[in-house]
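Shown next, in structure tokens, is the structure this report addresses.
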Amino acid sequence: MLTRRIIPCLDVKDGRVVKGIHFVNLRDAGDPVELGTRYSDEGADELVFLDITATIRRRKTIVELVRKVAEKVFIPFTVGGGIGSVEQMDELLRSGAEKCSLNTAAVAKPDILTQAAQKFGNQCVVLAIDARRSKTKAGRWQVTVKAGTEPTDIDAVEWAVEGEKQGAGEILLTSMDADGTQAGYDIELTRAVADAVNIPVIASGGAGTLDHLYDAIVAGHAEAVLMASITHFENYTINQMKEYLRDRGIAVNL
Amino acid sequence: MLIVIDYNVGNVKSVCNAFQYLGCEVELSSDRRKIESASALVLPGVAAFGFAVNALGELDTVIKDLALAGKPLLGICVGYQMLFDRSCEFGTHKGLGLISGNVVPIPPGRVIPHMGWNKVALPDDMALFAGLGPEKHFYFAHSFYADVTDTAAEVAYTDYGFNLPASVQKGNIYGTQFHPEKSGKHGLAALRNFARIAEGKD
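Quick mapping for you: the protein sequence lines, in order, are chains E and X. Quick note on numbering that gives the first Met the number 0: the first sequence kicks off at 0 and runs consecutively. Quick note on numbering that gives the first Met the number 0: the second sequence kicks off at 0 and runs consecutively.
So this is what it looks like as structure tokens:
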């Protein structure tokens, strides 16, 4: 039976992990390789590295990052943040990334998903959707781009369905309302998207307790759960998360 | 020297990294002479089937002849799928035909791709899994699978609502649908086993 996945997410800027990593016993809390190895050793099922470098150097630093991580980390990892072309994906995959996530570029030209799937297979193609609850339409969410700064008129559920059709093999679904709150995933959003597509959905944004993970899987129908703060601050170890889920009847790789 | 076949697409680097991490001599190459003198060959795969077969070009007969002559060969993911007769991913494509069977879509009615860690029942006579016990989780990421019809091949299965072939062995030819290079310590153990097989044939 396929297990549900626990995926820590690391924000990276200029090749360094940023945003509150509070592990004890780390020589260098900003080193993506050391952190990636640590999470892998702790039993993480996958990792996501999100490059938030806002400069022209981004493209170079992200490839270097992937190369270094891939030398030491032997679980799958996804890289995302500013990827704009199939050629760039090719470079990242060849450097050792298992998957690439596309967000703004896919909204601008959905065809990039098709091209990538035909070249690399759809299992490499992650569609990242940053969704915000619509202020005008109840029970709907709108897609935002450029790291959540720019709203669009696109409906998140419809975009997920279209993304699957175009060739996405997975959806990384972040609730911009819940992100950073630690108050729980947006279950309604997660379920609306997960039920509308056949490909796996990773719930993201809002994880604060073990219950939240369980709810995203059972009530939200997510195949995987992504978290940042609750692992970075050592509120829970990966093992604790998996034991908790296992004891509540969810198949995990433990 | 292990040679990982470079066909210029997808994540072939991770396989090399894993063997290097294990202390093996390994090189990524598409050079025919190097392939011919290798102790063993690894055919990796992160690509669509048709793209991978085209990218392999005339190396396909080289690899096939060497495998038939007894050189250990490990196919991974799409590289594993290429060991079979044909695939219908984005059109019909011919494989290497080293193991009988066709690559077909995972039947609907479940989440596709089959993506994540699934438990594989490990037959105790499959050399790739020596020392790993009766079952372990490995990382899968695929939408097509090989329907193995070769009676001479040993098969390890995983459960995805049906018995999904996860690994095959036919003499000196090995293959895994999952990614051992992305399956943590148990994946590395399987690769170490393959490296030992390669040394034995050196």
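Note that the Cβ used here is the ideal one computed from N, Cα and C, for glycine as well.
Around the beta-carbon of PHE139 of chain X, 16 or more other beta-carbon atoms lie within 10 Å, marking it buried. Nearest to ASN10 of chain X by C-alpha distance, out of X:ARG32, X:LYS33 and X:ILE75, is X:ILE75. A residue is called buried when at least 16 other Cβ atoms come within 10 angstroms of its Cβ; PHE232 of chain E does not meet this threshold and is exposed.
Identification of residues in the segment 71 to 98 of chain X having a C-beta nearer than 9 Å to some C-beta of chain E yields CYS76, VAL77, GLU88 and PHE89, given in sequence order.
Listed in chain order, the positions of the segment 142 to 159 of chain X with a beta carbon within less than 8 Å of a beta carbon of chain E are SER142, ASP158 and TYR159. With a beta-carbon spacing of about 16 Å, GLU33 of chain E and ILE237 of chain E fall beyond the 8 Å limit used to define contacts.
Within the segment 146 to 218 of chain E, the beta strand (DSSP E) runs of at least 3 residues that lie entirely inside it are, in chain order, 149 to 154, 169 to 174 and 200 to 203. Restricted to the segment 70 to 125 of chain E, the beta strand (DSSP E) segments that are unbroken, complete and at least 3 residues in length are 76 to 79 and 98 to 101, listed in chain order. Residues of the same chain with a CB within less than 8 Å of the CB of ASP146 of chain X, apart from the 5 flanking positions on each side, are GLY100, ASN101, VAL102, VAL103 and PRO164 in chain order. In the three-state reduction of the DSSP assignment, ASP64 of chain X falls in the helix class, which pools H, G and I.
Ranked by Cα distance from ASN197 of chain E, the options X:GLY108, X:TRP116 and X:LYS33 are led by X:GLY108.
Taking a cut-off of 8 Å on C-beta distances, the segment 175 to 195 of chain X touches the segment 125 to 144 of chain X, as three or more cross pairs fall below it.
Checking the DSSP bridge columns, you'll see ASN162 of chain X partnered with X:ASP158. The beta carbon of ASP129 of chain E is closer than 6 Å to those of THR143, GLY147, THR173 and MET175 in its chain, skipping five residues each way along the sequence. The beta carbon of ALA193 of chain E sits closer than 7 Å to the beta carbons of VAL200, GLY219, HIS220 and ALA221 from its chain, once the five residues preceding and following it are set aside; these are given in chain order. By the criterion of a C-beta distance shorter than 6 Å, LEU42 of chain X is surrounded in its chain by ILE4, GLY74 and GLY78, once the five residues flanking it on both sides are discounted.
Going by beta carbons, LEU46 of chain E and TYR38 of chain E fall inside the 8 Å limit. Within chain E, the residues whose beta carbon sits less than 8 Å from that of SER13 of chain X are ALA69, PHE73, GLY95 and GLU97, listed in sequence order.
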